[in-house]
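One structure below.
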Ligand SMILES: Nc1ncnc2c1ncn2[C@@H]1O[C@H](COP(=O)(O)OP(=O)(O)OP(=O)(O)O)[C@@H](O)[C@H]1O
Ligand SMILES: [Mg+2]
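Residue numbers (full-length UniProt numbering), protein chains in the order written: chain A, 1 to 118; chain B, 1 to 289; chain C, 1 to 133.
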């Protein structure tokens with residue numbers, strides 16, 4: 001199972017629709033970095049509206065991929081994190097303080113464009 | 001034997017009802033307010049005793065009992081009216097049958113008790129169930145009302161929502177507040193959420209901790225949280241306790257918080273007409289121009 | 001569903017099955033969506049720890065009711081290497097696998113009750129409870 005990555009001008013859009021298991025997560029990390037490399041994208045929006053659970057492992061993979069993308073010159077915004085997911089992340093002590101977030105995909109794109117200037 | 005007793009009870013129902021009605025009248029004095037009219041009381045009593053007899057006649061059917069209990073519950077009559085009434089019915093019926101039987105031995109006596117119990121018990125059960133059901137219902141409604149009351153969320157304008165916190169915050173309430181806050185922020189599509197703690201009497205480390213967590217969760221869902229209504233004494237305790245709120249934007253008043261919420265959402269409040277213009281216009285109109 | 005069910009943890013995919021069962025039971029018991037997510041996340045953490053550090057074990061669920069309240073018991077049992085210093089692994093950020101070290105202290109916060117017992121060479125037992133609010 002792999003997660004589709006769409007390209008829109010110099011942005012990459014990802015909407016995660018399936019329950020993420022560990023393999024899918026690692027695969028996604030590789031795919032995304034590959035795609036950034038190939039397209040030279042400067043911004044990435046990962047939409048998590050349909051994701052019902054993020055445990056410490058998935059959180060680490062997400063955090064890592066954001067740092068790695070940053071190193072490659074692409075800013076990442078996470079969007080659509082559900083209340084239940086946000087609360088469990090806080091309980092886990094995972095605050096993702098450096099990660100940019102937005103309410104939905106559209107706001108995420110606006111954030112990349114206006115605030116992060118990419 | 002049971003059916004024979006049922007027959008006796010039914011054949012003499014007029015007498016039993018009369019005996020019962022006399023007894024139940026004594027309840028009115030101590031259990032009911034004067035607002036219950038005698039007429040209503042008497043009619044309901046008659047209905048009650050009819051319901052009991054119908055149930056006995058129909059071999060314990062409870063259909064009419066349910067309808068009757070609904071009525072009593074709506075009238076708001078005490079549960080003891082029902083239980084006392086049924087106890088009286090039990091006593092009156094047993095007395096009546098005993099005093100009208102020629103040979104009374106222990107086995108007859110015990111069978112009589114068993115039979116009458118068998119008529120009355122299901123009715124008592126049913127009525128108590130109906131009553132407690134209605135209490136539980138009321139209780140759950142009140143609980144929900146209280147929950148809503150304890151963490152209201154006000155969408156003031158597009159993208160800006162205010163949550164005024166009032167009263168003491170314990171762990172249980174803090175969880176509720178966090179959930180309401182996040183779900184509300186998403187429902188109203190709020191870019192900025194203002195948490196107003198003007199009404200929170202004490203901010204100790206625990207409360208501060210919960211507020212910080214809520215603010216961080218708000219950030220994760222993609223909105224911004226501003227803490228407003230920080231009174232001087234609250235600011236003092238926060239610093240004295242060594243609570244770090246540096247990651248959380250704060251404002252002293254709701255008004256200031258609202259202004260920065262507007263800034264964040266790229267808006268501002270403008271006067272449609274400058275004040276001086278307004279005064280000039282007024283003077284002109286007074287001069288009749 | 002029986003009130004007592006277990007999921008064996010041997011493969012990575014078992015982690016997903018365990019948390020799905022946890023969520024399903026939580027839902028049936030009437031937990032709020034947030035608490036369902038808390039339970040599923042806690043299951044995921046404990047199941048992954050078994051998979052990573054003990055190789056084999058199981059996650060068990062049990063519904064239980066007292067007069068005043070209802071709850072879900074969730075336990076993680078393995079026969080792995082055990083944990084030497086429990087207070088150390090309960091600290092935020094402690095990890096031996098390059099993880100976030102958020103799992104165990106996180107589960108303690110996600111659930112209402114938490115008890116951990118471990119013996120070197122024998123295995124680890126973690127018992128947790130979440131009460132329906
Ligand atoms: N079942 C177990 N058996 C043996 N050791 C364990 C077990 N569970 C946890 N540990 C040890 O405790 C440490 C802390 O576990 P914890 O789940 O808190 O963090 P982690 O697994 O390292 O990272 P994360 O869960 O954040 O991805 C682990 O690194 C491991 O050394
Ligand atoms: Mg772990």
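Idealized CB from N, CA, C, for every residue including glycine.
Residue from the options with nearest C-alpha to residue i
i, options, result
"residue 256 of chain B", "B:39, B:99, B:15 and B:226", "B:226"
"residue 147 of chain A", "A:33, A:93, A:5 and A:47", "Because chain A is modelled from 1 through 118, residue 147 of chain A falls outside the range shown and cannot be assessed."
"residue 116 of chain A", "A:100, A:55, A:17 and A:89", "A:100"
"residue 110 of chain C", "A:14, A:98, A:93 and A:113", "A:93"
"residue 152 of chain B", "B:182, B:158, B:126 and B:123", "B:182"
"residue 86 of chain A", "C:99, C:33 and C:46", "C:33"
"residue 130 of chain C", "C:70, C:17, C:92 and C:89", "C:70"
"residue 248 of chain B", "B:208, B:25, B:37 and B:271", "B:208"
"residue 77 of chain B", "B:178, B:176 and B:134", "B:134"
"residue 119 of chain C", "C:81, C:91, C:133 and C:14", "C:81"
"residue 267 of chain B", "B:273, B:287, B:100 and B:258", "B:258"
"residue 23 of chain C", "C:53, C:49 and C:61", "C:61"
"residue 23 of chain B", "B:37, B:68 and B:87", "B:87"
"residue 98 of chain A", "A:77, A:108, A:42 and A:12", "A:77"
"residue 74 of chain B", "B:118, B:51, B:49 and B:130", "B:130"
"residue 121 of chain C", "C:74, C:106 and C:79", "C:79"
"residue 172 of chain B", "C:63, C:106 and C:112", "C:112"
"residue 133 of chain C", "B:176, B:25, B:56 and B:170", "B:176"
"residue 139 of chain A", "A:40, A:109 and A:84", "Look at the range of chain A in this structure, 1 to 118, and you will see that residue 139 of chain A is not part of it."
"residue 231 of chain B", "B:211, B:212, B:244 and B:254", "B:254"
"residue 72 of chain B", "B:189, B:48 and B:52", "B:48"
"residue 85 of chain C", "C:104, C:67 and C:44", "C:104"
"residue 236 of chain B", "B:273, B:202 and B:140", "B:202"
"residue 261 of chain B", "B:107, B:158, B:99 and B:104", "B:158"
"residue 25 of chain B", "B:39, B:180, B:13 and B:56", "B:39"
Within 7 Å, strictly: CB atoms of residue i and residue j
i, j, result
"residue 29 of chain A", "residue 2 of chain A", "no"
"residue 19 of chain C", "residue 56 of chain C", "no"
"residue 26 of chain C", "residue 88 of chain A", "no"
"residue 228 of chain B", "residue 196 of chain B", "yes"
"residue 162 of chain B", "residue 194 of chain B", "yes"
"residue 47 of chain C", "residue 56 of chain A", "no"
"residue 42 of chain B", "residue 54 of chain B", "no"
"residue 200 of chain B", "residue 165 of chain B", "yes"
"residue 79 of chain A", "residue 47 of chain A", "yes"
"residue 22 of chain A", "residue 12 of chain C", "yes"
"residue 36 of chain A", "residue 40 of chain C", "no"
"residue 91 of chain C", "residue 6 of chain C", "no"
"residue 223 of chain B", "residue 90 of chain A", "no"
"residue 19 of chain B", "residue 92 of chain B", "yes"
"residue 126 of chain B", "residue 62 of chain B", "yes"
"residue 102 of chain B", "residue 27 of chain B", "no"
"residue 20 of chain A", "residue 14 of chain A", "no"
"residue 118 of chain A", "residue 109 of chain A", "no"
Expected contact under 8 Å - CB spacing of residue i and residue j to nearest Å
i, j, result
"residue 160 of chain B", "residue 192 of chain B", "5 Å"
"residue 95 of chain C", "residue 42 of chain C", "The pair is not a contact, with the Cβ atoms about 17 Å apart (cut-off 8 Å)."
"residue 123 of chain B", "residue 112 of chain B", "Actually they are not in contact, since the Cβ atoms of residue 123 of chain B and residue 112 of chain B sit about 18 Å apart, beyond 8 Å."
"residue 44 of chain A", "residue 69 of chain A", "6 Å"
"residue 116 of chain B", "residue 90 of chain B", "6 Å"
"residue 125 of chain C", "residue 75 of chain C", "7 Å"
"residue 100 of chain C", "residue 59 of chain A", "7 Å"
"residue 12 of chain A", "residue 41 of chain A", "5 Å"
"residue 16 of chain B", "residue 57 of chain B", "Going by Cβ atoms, the distance from residue 16 of chain B to residue 57 of chain B rounds to 13 Å, so no, they are not a contact pair."
Per-residue contacts from residue i into chain B (C-beta, under 7 Å)
i, result
"residue 34 of chain C", "179"
Under 8 Å from the C-beta of residue i: neighbouring residues of chain A
i, result
"residue 191 of chain B", "103 and 107"
"residue 56 of chain C", "Chain A residues near residue 56 of chain C: none, gap ~17 Å exceeds 8 Å."
"residue 182 of chain B", "83, 86 and 87"
Amino acids of chain C, ordered along the chain, whose beta-carbon sits closer than 7 Å to that of residue i
i, result
"residue 19 of chain A", "16"
Where residue i meets chain A, residues with beta-carbon distance less than 7 Å
i, result
"residue 131 of chain C", "In chain order: nothing, as chain A lies at least about 15 Å away."
Notebook entry, point to check: Taking Cβ-Cβ distances below 7 Å as the criterion, which residues of the region 203-227 of chain B are in contact with chain A?
Noted result: 213, 216, 217, 219, 220, 221, 222 and 223
Checklist line | Interface residues of the region 36-62 of chain A facing chain B [CB-CB below 7 Å] | finding: Of all residues in the region 36-62 of chain A, none is placed with a Cβ closer than 7 Å to any Cβ belonging to chain B.
Item checked: Positions along the region 99-125 of chain C whose CB lies within less than 7 Å of some CB in chain A -> Taking 7 Å as the Cβ-Cβ cut-off against chain A, the residues of the region 99-125 of chain C that qualify are 99, 100, 102, 103, 105, 106, 109 and 110.
Next item on the list: Give, in chain order, every residue of the region 77-96 of chain A whose Cβ lies closer than 7 Å to some Cβ of chain C.
Entry: 83, 84, 85, 87, 88, 91, 92, 93 and 94
Margin query: For the region 247-271 of chain B, list every residue whose C-beta sits within 8 Å of some C-beta in chain A, in sequence order.
Written below: 247
Check: Taking any Cβ of chain C, which residues in the region 2-27 of chain A have a Cβ under 7 Å from it, in chain order?
Finding: 19, 21, 22 and 23
Checklist line | Members of the region 150-176 of chain B that neighbour chain A once the beta carbon cut-off is set at 7 Å | finding: Taking 7 Å as the upper bound on Cβ-Cβ separation, chain A lies near no residue of the region 150-176 of chain B.
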